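Using our numbering, the first residue of the sequence shown is number 10, and each one after it goes up by one.
Below: the structure, in structure tokens.
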Amino acid sequence: MEYTPEHMSDRATVLHVDLDAFYVSMELRRRPELRGLPVVVAGGLGNRGVVNTASYEARRFGVRSAMPVSQARRLCPQAVFLESDYHYYSVASKQFHAILRDFSPLVEPAGADEAYMDVAGTEQLFGAAAEVAARIKARVNAEIGITASVGVSVNKLVSKVASDAGKPNGLVVVEAGTEAAFFAPRPIRELPMVGRRTAEVLTSLGIRTIGDIARTPEAALVAKFGKHGAELRQRALGIFDAPVVAQRGDAKSISRDITFDTDEPDGDRLRAVLRSQAERIAKELSTSGKAARTVSLRLRFPPFETLSRSFTPSVAVDVADEVYAHGVALFERAWAENDRRPVRLIGLGVHNIVERARQLRLGETLEADRLQDTVEALRDRYGGASVLRANELQRNPYRHRDGDYIPPFSAPKLDPAAAPDEEVREAIDGAHPPADWP
Ligand code: TTP
Ligand code: MG
Numbered sequence: 010m011e012y013t014p015e016h017m018s019d020r021a022t023v024l025h026v027d028l029d030a031f032y033v034s035m036e037l038r039r040r041p042e043l044r045g046l047p048v049v050v051a052g053g054l055g056n057r058g059v060v061n062t063a064s065y066e067a068r069r070f071g072v073r074s075a076m077p078v079s080q081a082r083r084l085c086p087q088a089v090f091l092e093s094d095y096h097y098y099s100v101a102s103k104q105f106h107a108i109l110r111d112f113s114p115l116v117e118p119a120g121a122d123e124a125y126m127d128v129a130g131t132e133q134l135f136g137a138a139a140e141v142a143a144r145i146k147a148r149v150n151a152e153i154g155i156t157a158s159v160g161v162s163v164n165k166l167v168s169k170v171a172s173d174a175g176k177p178n179g180l181v182v183v184e185a186g187t188e189a190a191f192f193a194p195r196p197i198r199e200l201p202m203v204g205r206r207t208a209e210v211l212t213s214l215g216i217r218t219i220g221d222i223a224r225t226p227e228a229a230l231v232a233k234f235g236k237h238g239a240e241l242r243q244r245a246l247g248i249f250d251a252p253v254v255a256q257r258g259d260a261k262s263i264s265r266d267i268t269f270d271t272d273e274p275d276g277d278r279l280r281a282v283l284r285s286q287a288e289r290i291a292k293e294l295s296t297s298g299k300a301a302r303t304v305s306l307r308l309r310f311p312p313f314e315t316l317s318r319s320f321t322p323s324v325a326v327d328v329a330d331e332v333y334a335h336g337v338a339l340f341e342r343a344w345a346e347n348d349r350r351p352v353r354l355i356g357l358g359v360h361n362i363v364e365r366a367r368q369l370r371l372g373e374t375l376e377a378d379r380l381q382d383t384v385e386a387l388r389d390r391y392g393g394a395s396v397l398r399a400n401e402l403q404r405n406p407y408r409h410r411d412g413d414y415i416p417p418f419s420a421p422k423l424d425p426a427a428a429p430d431e432e433v434r435e436a437i438d439g440a441h442p443p444a445d446w447p
């Protein structure tokens, strides 16, 4: 997209607020005797446990989120290992988002422990953005007992990088007009658009800093990354238009996953698990009157190779039938690409949750629910593709919303740079499950 000045606010009023080492900080709050020690919080402490987060002391030994607990124990045997207490953290997460909403109606949650907000127009009440940031930090500290880092700038992208740059307990303000200068010396991996594979390609071109990207001619980046090349360069200059969008502070995603005791080789059983996960997710959506824009699948192959794929259909989904249909389509393709190897973990999720605004679609009657049951029974018996709606024959589910085409199941692995949009690109790039997917 062509950059024009009106895309950018001329004042730094956008905050990104992120709690420091969130799960660990919560544990330290109730166990202050562990402060200063390497501490690892994991979902399960057995062989299949995965690290949720680690204290900064443990990170010094290389312990990272999403790492197997066994590996973390090898890297840092002296660490204190604790099992995650998700309920305890979710209470704090709600408190955190409530504090932010006290300062501005424009709060966009981006996960359990992070949010963007725009404080333009609140100066009369709370002072300049940097002052709001300081007040938020103080309230989080006083009321939740942990620290937050805040970035302040003209847009979400620069504020995100700024909050990371100041961690822990940071407050980094990037004054309007200094975005490119702030970015220039920073390593490419700090730019949110740059995943592992993109970084490899950039490094092979001799590009190490964000400033190096900004200095590279757009044509050279387009040659390597397709249309994302131009966008990459804009971002390297700190240009980003997406505004802060207010959202209610409730669930950002709903997901279910299961880790098998012995790796599961049977496709029918895997599909059955997906089916029951879809039902539980749809039930939760319907209880809260919500629908979801995006369906995600997560698969893990032994030992710890995890992939996630997501798809955003043109219409938000809300019934089990639809969640399952998209989930199983993602599964068939991802599983085939991985030689239908036995699966250790399978997870289904929905995110980009929106209010349900469902009206009967043209041609749909209340009988549709009963029809769906019948269709599902047939699919369960004869396989997911045995019954298709007529419109599914015409509408390829992998035609993405911007019109780009991703070939269906038998396709070779996608090149992240050639993928149709950032969401899919990230999913291919690796570990980007919904933000609050434990
Ligand atoms: P992050 O904000 O990514 O990490 P963090 O808060 O632990 O550390 P930082 O100071 O760098 O922000 O994630 C927030 C919480 O989400 C984290 O405490 C645990 C959970 N989480 C997982 O369970 N698995 C993951 O892979 C990641 C990245 C986070
Ligand atoms: Mg955090």
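All residues carry an ideal CB built from backbone N, CA and C; glycine is no exception.
Source: prediction; values computed, not measured.
- E314 and G235 have their C-alpha atoms spaced approximately 28 angstroms apart.
- Beta-bridge partners assigned by DSSP to G53: none are found.
- Check the Cα spacing between D122 and each of A129, L109, V128: the tightest is with L109.
- Secondary structure of T296 (DSSP, three-state): helix.
- M126: member of the beta strand (DSSP E) spanning 123-127, first to last residue.
- Here the distance from the Cβ of F31 to the nearest heavy atom of ligand 1 is below 7 angstroms.
- At a threshold of 7 angstroms, E123 counts as near ligand 2, since its beta carbon sits closer than that to one of the ligand's heavy atoms.
- In the displayed model, D277 falls within a helix according to three-state DSSP.
- Closest option to S323, judged by alpha-carbon separation, among C85, V304, R40: V304.
- Counting only residues of its own chain and dropping the five nearest sequence neighbours on each side, R365 has a CB closer than 7 angstroms to the CB of G298, K299, A300, D327.
- The residue among H237, A232, L246 with its C-alpha nearest the C-alpha of G220 is L246.
- The beta carbon of G238 sits closer than 6 angstroms to the beta carbons of L230, V231 from its chain, once the five residues preceding and following it are set aside; these are given in chain order.
- The region 34-48 makes contact with the region 91-106: 3 or more CB pairs, one atom from each, lie closer than 8 angstroms.
- Taking the CA atoms as reference points, V78 sits about 27 angstroms from S158.
- Short of 7 angstroms from the beta carbon of K169, and not among the five residues preceding or following it, lie these beta carbons of its own chain, in chain order: H25, G160, P201.
- Distance from the C-beta of L28 to the nearest heavy atom of ligand 2 is below 7 angstroms.
- Listed as beta-bridge partners of V326 by DSSP are A301.
- The criterion of a C-beta distance shorter than 8 angstroms is satisfied by V33 and V48.
- Residue range 138-152 is occupied by the alpha helix (DSSP H) that includes N150.
- For P194, the secondary structure class from DSSP, reduced to helix, strand or coil, is coil.
- Within 7 angstroms of the C-beta of P47 there is not a single heavy atom belonging to ligand 1.
- If you check the CB distance, V89 and L134 do not come in under 8 angstroms.
- Taking 4 residues as the minimum length, the alpha helix (DSSP H) runs contained wholly in the region 54-82 are 65-68, in order along the chain.
- In terms of CA proximity to Y95, V50 leads the group P312, F105, V50.
- DSSP places D29 outside any alpha helix (DSSP H), giving it a letter other than H or E.
- With respect to L294, Y333 sits apart: the two C-beta atoms are not nearer than 8 angstroms.
- Here the C-alpha atom of P351 lies approximately 9 angstroms from the C-alpha atom of T271.
- Here F269 carries a strand assignment [DSSP, helix/strand/coil].
- Between the C-alpha atoms of S172 and R278 there is a straight-line separation of about 44 angstroms.
- In its chain, beyond the 5 residues on either side, V304, S305, L306, R318, S319, F320 have a beta carbon closer than 8 angstroms to the beta carbon of L339.
- For E66, the closest alpha carbon among the candidates T131, P177, N56 is that of P177.
- Across the set G204, R206, V167, the C-alpha of V167 shows the shortest separation from the C-alpha of T187.
- In the DSSP assignment, the residues bridged to H360 are S262, T303.
- With a contact defined as Cβ atoms closer than 8 angstroms, L180 and A129 miss out at about 19 angstroms.
- The beta-carbon distance between V253 and Y125, rounded to whole angstroms, is 5 angstroms. This is short enough to meet the 8 angstroms contact definition.
- Under the three-state reduction of DSSP output, A157 falls in the strand class.
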